[in-house]
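As numbered in this note's numbering, residues 22 to 248 make up the sequence shown, in order.
Right, one structure below, let's go through it.
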Amino acid sequence: MAEASAVRTAAVSLARATAPGTDLCGPFRETFGVTGAAVSTLGGPLGTGTVCSSDPVSARRDEIQFDLGEGPCWQAHGTNRPVVEPDLATAPPEAWPAAAAALIEAGVASVAAFPLSYGRLDLGAVDLYSDERRDLTDDEVDQATTLACIAGKSVLSRALDALEAGDDSLFPTIFPREVHQASGMVMVQLGVSVDEALLVIRGHAWSSGRGLREIASEIVLRRLDFS
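If you want it as structure tokens, here you go:
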């Protein structure tokens, strides 16, 4: 179990992390001794994307889930409950098999995800990644859930401050302009809805082992055509 003093320190740090650039991920990584952490927003007014990550590897692991549209962050966000998978290799979850396989390939041994929320607002998720098997105790799950709620308040504060300042750059989504543009082009090429077009792009990214934004850029540059 994480030390009570460490949890209190993390809570204070997260509550103060309302300004752009302040650390929302370090307190989770340090408190629970995981390899990396990432905080993401998932849909809604804030879009879908990584708000912060403790390192580039954790950011890429989040992006894998965004590209596939499944994974622990989506499950935690959708159910509003913690998701703890201590051993992906020997007991992969049935809820997100593609993401489990991709995360294992990316070196993840254990993963835990917690709802990022404030009040009744479901904003996203906090992901904790471990390169070695790591099982959280019930107390640690409760502690991380509480800290994720505190982080949710800070994320919402950042969003409201950005809205007031007219600055949407503080929340870069994983679906930037080129992804929306590519979705529109695929809609025309295949005569499908925007959701179906995005699914086609996601599927192509996953099957080719490339990122969603890379595929979108190729579509926009007319190097890739589905018609």
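Glycine included, C-beta positions come from ideal geometry on N, C-alpha and C.
Excluding five sequence positions before and after Ala-27, the CB atoms of its chain that fall closer than 8 Å to its own CB belong to Glu-51, Thr-52, given in chain order. Taken in chain order, the unbroken stretches of beta strand (DSSP E) that lie wholly in the stretch 86-138 and span 3 residues or more are 104-106.
Secondary structure at Ala-38: coil, using DSSP grouped into helix, strand and coil. When rounded, the separation of the alpha-carbon atoms in Leu-168 and Phe-247 is 44 Å.
Nearest neighbour of Ala-58 by Cα position, chosen from Trp-117, Asp-108, Ser-131, Asp-163, turns out to be Ser-131. Note that the C-beta distance between Phe-135 and Ala-122 is not below 8 Å.
Runs of the alpha helix (DSSP H) lying entirely within the stretch 213-243 and spanning at least 4 residues, in chain order: 215-229, 233-241. Bounds of any beta strand (DSSP E) do not take in Thr-52; it lies within the alpha helix (DSSP H) bounded by 47-53. Pairwise C-beta distances place the stretch 148-161 in contact with the stretch 75-87, as three or more of them are shorter than 8 Å. Assigned with DSSP and collapsed to three states, Gly-64 falls in coil, not helix or strand. If you draw a straight line from the Cα of Glu-126 to the Cα of Ala-119, it is about 11 Å long. For Ala-25, the secondary structure class from DSSP, reduced to helix, strand or coil, is helix. Judged by beta-carbon spacing, Ala-203 lies beyond the 8 Å limit of Leu-211, meaning their Cβ atoms are not closer than that value. The beta carbons of Gly-99 and Trp-117 sit no closer together than 8 Å. Secondary structure of Thr-30 (DSSP, three-state): helix. Around the beta-carbon of Ala-97, 16 or more other beta-carbon atoms lie within 10 Å, marking it buried.
Nearest Cα to Ala-31 within the set Glu-161, Pro-113, Gly-232, Pro-103: Glu-161. Excluding its 5 nearest sequence neighbours in each direction, Arg-154 has C-beta neighbours in its own chain below 8 Å: Pro-107, Asp-108, Ala-130, Ser-131, listed in chain order.
Counting along the chain, the unbroken beta strand (DSSP E) around Gly-145 starts and ends at 142-151. The three-state secondary structure of Ser-79, taken from DSSP, is helix.
In the three-state reduction of the DSSP assignment, Ser-248 falls in the coil class, being assigned neither a helical nor a strand state. Thr-71: member of the beta strand (DSSP E) spanning 70-74, first to last residue. Nearest neighbour of Gly-128 by Cα position, chosen from Thr-56, Ser-175, Leu-63, turns out to be Thr-56. Comparing C-alpha distances from Ala-23 to each of Asp-156, Asp-152, Gln-164 shows the shortest one belongs to Gln-164.
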